[in-house]
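Chemist: Next up is a structure, given as structure tokens.
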Amino acid sequence: MSFLLKTKQRFAKLFGGLFKKKQMRIGIYGPPNAGKTTLSNRIVRDWTGDAVGPVSEIPHETRRARRKEGVKISDEKGNSITIDIVDTPGVTTKIDYKEFLEYGMQPDEAVVRAREATEGVAEAMHWLREDIDGVIYMLDSTQDPFVQVNIMLVGIIESRELPVIIVANKNDLPDASPARIKSAFPQHPVISISGLEGNNVDELYEKMIEYFG
Amino acid sequence: MIQGVQIDLISSERLENLTTLEKVRLILEKVMEGNVVVLEKGLTPDEQSFLIETTMREITPDGFAGIEMETYSAGSESSHKSGGLFGGLFGKKESSTAGRLTVIGPANQMKTLKKDKDLISTWVSSK
Ligand SMILES: Nc1nc2c(ncn2[C@@H]2O[C@H](COP(=O)(O)OP(=O)(O)OP(=O)(O)O)[C@@H](O)[C@H]2O)c(=O)[nH]1
Ligand SMILES: [Mg+2]
């Protein structure tokens with residue numbers, strides 16, 4: 067980081083209340099159904115009392131990136147960061163509306179969901195290229211992490227030199243394997259949590275302060 | 005005509021002379037016709053990002069359902085090369101971030117059976 071930038075940030079911190087500064091935007095990325103919205107809701111609820119969006123067992127529940135501004139996260143030592151949390155649509159390279167029919171959805175409803183989902187993924191890719199300053203990459207730790215879309219996405223994030231924390235989610239489930247995720251991404255910090263039950267989210271908050279601060 | 009799948013192997017020389025948009029267009033045109041495309045040299049992360057975005061914009065109900073893609077992981081050697089001490093000083097060369105041999109096909113016809121660091125096994129059905 068340049069001296070000027072550091073000084074600017076120090077000023078921004080000092081006069082945070084006076085200047086309208088651009089907050090660091092942390093994108094929560096990952097494949098559909100990993101638990102991104104569940105975690106976004108928890109972070110926002112823990113630190114502001116609000117929520118971000120609806121959660122569902124049907125993939126592609128989130129079809130528009132949603133941003134919650136000015137979320138301040140602090141630890142006991144008095145360190146803190148103020149960030150925008152961006153919950154993004156699950157990224158994939160394929161979408162077939164027929165998949166949604168298996169969840170009992172009507173065909174016309176499924177077609178609309180698929181169309182919105184494709185727009186959502188395109189939008190998420192766009193955000194990543196233009197508007198994101200750091201990433202929480204979420205994976206369902208009961209699933210195989212070595213799939214192409216994860217390798218590609220993490221590669222894209224790395225090429226933009228964004229700080230990234232990998233979250234191995236759903237550690238409340240018996241077949242969760244955070245170790246497999248650690249072996250897939252040894253170059254990044256991996257935190258094993260349950261966004262649903264709240265296991266270990268404190269460690270994630272500490273890592274966020276350290277990494278994005 | 006006999007049933008089958010067309011496979012297009014694109015050389016790195018051909019790819020090197022194309023812009024990001026041209027590459028993505030070329031790949032998607034062929035995949036949307038039902039062909040399987042093999043790239044001798046893979047795409048850079050930025051090109052992959054555009055490929056995903058453009059793929060999404062082309063999906064239609066009962067038509068094109070997206071892509072399946074496999075590549076050998078660039079491996080830790082290349083991330084060391086680009087992220088190491090000199091990565092930040094000299095900037096990244098395209099060649100160090102681009103992946104290796106890559107297979108791309110229509111999602112509803114292609115399925116990865118097995119993937120190791122040195123072997124990709126895919127199954128392709130004709131339409
Ligand atoms: N057991 C368990 N289930 C979870 C956990 N986190 C999320 N889920 C469940 O996983 C499903 C998907 O959760 P979402 O938060 O909607 O996932 P998402 O990543 O936002 O999904 P999309 O928006 O579709 O990409 C829901 O049924 C959640 O209740 C977790 O830590 N443990
Ligand atoms: Mg969601």
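Residue numbers (my numbering), protein chains in the order written: chain A, 67 to 279; chain B, 5 to 131.
Heads up, the beta-carbon is just placed ideally off N, CA and C, and yes, glycines get one too.
Taking a cut of 8 Å between CB atoms, which residues from the stretch 186 to 207 of chain A lie near chain B?
Modeler: From the stretch 186 to 207 of chain A, only V187, A188, M191, H192, L194 and R195 have a Cβ closer than 8 Å to chain B.
Chemist: Check the DSSP bridge columns for D50/B and list the partner residues they point to.
Modeler: Walking along the second sequence from the start, residue 50/B turns up at place 46. Beta-bridge pairing links D50/B to no other residue.
Chemist: Grouping DSSP H, G and I as helix and E and B as strand, with all else coil, what is E276/A?
Modeler: By one-based count along the first sequence, residue 276/A stands at place 210. It is helical.
Chemist: Interface residues of chain B around K236/A at Cβ under 9 Å?
Modeler: Stepping through the first sequence from its first residue, residue 236/A is reached at position 170. Per Cβ cutoff of 9 Å: no residues; K236/A is ~23 Å from chain B at best.
Chemist: Whose C-beta lies closer than 8 Å to the C-beta of P255/A among residues of the same chain, with five residues either side of it excluded?
Modeler: As a working mapping, residue 255/A is identified with position 189 in the first sequence. Excluding residues within five positions, the ones whose Cβ falls inside 8 Å are I231, I232, K273 and Y277.
Chemist: Examine ligand 1 and report whether any of its heavy atoms sits within less than 7 Å of the Cβ of P252/A.
Modeler: Mapped onto the first sequence, residue 252/A falls at position 186. Checking every heavy atom of ligand 1 against the Cβ of P252/A, none is found closer than 7 Å.
Chemist: Please find out if some non-hydrogen atom of ligand 2 comes closer than 7 Å to the beta-carbon of K102/A.
Modeler: Taking the first residue of the first sequence as 1, we reach residue 102/A at position 36. The answer is yes for K102/A.
Chemist: Tell me which residue opens and which closes the alpha helix (DSSP H) that E227/A is part of.
Modeler: Against the first sequence, residue 227/A aligns to sequence position 161. Premise fails: E227/A is in no alpha helix (DSSP H) and is neither H nor E.
Chemist: Pull up the DSSP beta-bridge partners for T116/B, would you.
Modeler: Working through the second sequence from its first residue, we reach residue 116/B at position 112. T126/B, per the DSSP bridge assignment.
Chemist: Along chain A, which residues have their Cβ under 9 Å away from the Cβ of E72/B?
Modeler: One-based indexing of the second sequence puts residue 72/B at position 68. Under the 9 Å cutoff, chain A gives T159, K160 and Q214.
Chemist: So does D116/A have its beta carbon nearer than 7 Å to some heavy atom of ligand 2?
Modeler: On the first sequence, position 50 is the one that residue 116/A refers to. No.
Chemist: For A234/A, does the three-state DSSP call read helix, strand or coil?
Modeler: Numbered from its first residue, the first sequence carries residue 234/A at position 168. Strand.
Chemist: Let's see if you can read the secondary structure: which residues bound the beta strand (DSSP E) around R26/A?
Modeler: There is no way to answer for residue 26/A, as the model of chain A reaches only from 67 to 279.
Chemist: Would you list the one or two residues that DSSP bridges to V177/A?
Modeler: Looking up residue 177/A in the first sequence gives position 111. Looking at the DSSP assignment, V177/A forms no beta bridge with any residue, so it has no partner.
Chemist: Between the alpha carbons of P125/A and I147/A, how many angstroms are there, rounded?
Modeler: Sequence index remark: in the first sequence, residue 125/A carries index 59 (1-based). Sequence index remark: in the first sequence, residue 147/A carries index 81 (1-based). The straight-line gap from Cα to Cα measures roughly 31 Å.
Chemist: Please name the residue in N39/B, A69/B, T58/B and F68/B whose C-alpha comes closest to that of V107/B.
Modeler: If you number the second sequence from 1, residue 107/B lands on position 103. Checking every option, the nearest Cα to that of V107/B belongs to N39/B.
Chemist: Give the residues of chain A in contact with N112/B, contact being defined as C-beta atoms less than 9 Å apart.
Modeler: Taking the second sequence and counting its residues from 1, the one referred to as residue 112/B is at position 108. K160 and D162, listed in chain order.
Chemist: Which residues, in order along the stretch 91 to 108 of chain A, keep a beta-carbon less than 8 Å from a beta-carbon of chain B?
Modeler: Of all residues in the stretch 91 to 108 of chain A, none has a Cβ within less than 8 Å of some Cβ in chain B.
Chemist: In chain order, which continuous runs of the alpha helix (DSSP H) of length 4 or greater are located wholly inside the stretch 153 to 200 of chain A?
Modeler: Runs found: 164 to 167 and 173 to 196.
Chemist: So what's N265/A in DSSP terms, helix, strand or just coil?
Modeler: As a position in the first sequence, residue 265/A is number 199, starting the count at 1. Coil.
Chemist: Please list, in chain order, all residues of the same chain as Y271/A whose beta carbon is under 6 Å from its beta carbon, the five residues on each side excluded.
Modeler: Translated into the one-based positions of the first sequence, residue 271/A becomes position 205. Contacts found: I139.
Chemist: For L123/B, count the other beta carbons within 10 Å of its own beta carbon; 16 or more makes it buried, fewer makes it exposed. Which is it?
Modeler: Stepping through the second sequence from its first residue, residue 123/B is reached at position 119. Flag for L123/B reads exposed.
Chemist: With a threshold of 8 Å, are at least 3 pairs of Cβ atoms found where one atom belongs to the stretch 150 to 162 of chain A and the other to the stretch 191 to 211 of chain A?
Modeler: Yes: at least three Cβ pairs fall under 8 Å.
Chemist: Check for me: the alpha helix (DSSP H) holding D112/A runs from which residue to which?
Modeler: Looking up residue 112/A in the first sequence gives position 46. K102 to T114 is the extent of the alpha helix (DSSP H) around D112/A.
Chemist: Can you find a CB in chain A that lies within less than 8 Å of the CB of I31/B?
Modeler: Locating residue 31/B in the second sequence gives position 27, counting from the first residue. Chain A contact via Cβ: absent.
Chemist: Anything in chain A within Cβ reach of Q52/B, meaning under 8 Å, just list it in chain order.
Modeler: As a working note, residue 52/B is residue 48 in the second sequence. Residues of chain A passing the Cβ test: M218, G221 and I222.
Chemist: Examine chain A for any beta-carbon lying closer than 8 Å to the beta-carbon of E57/B, and answer yes or no.
Modeler: As a first step, residue 57/B must be located in the second sequence, where it is residue number 53. True, the Cβ-Cβ gap to chain A drops below 8 Å.
Chemist: CB of V121/A to nearest heavy atom of ligand 1: below 7 Å?
Modeler: Taking the first residue of the first sequence as position 1, residue 121/A is located at position 55. Yes, since a heavy atom of ligand 1 falls inside the 7 Å radius drawn around the Cβ of V121/A.
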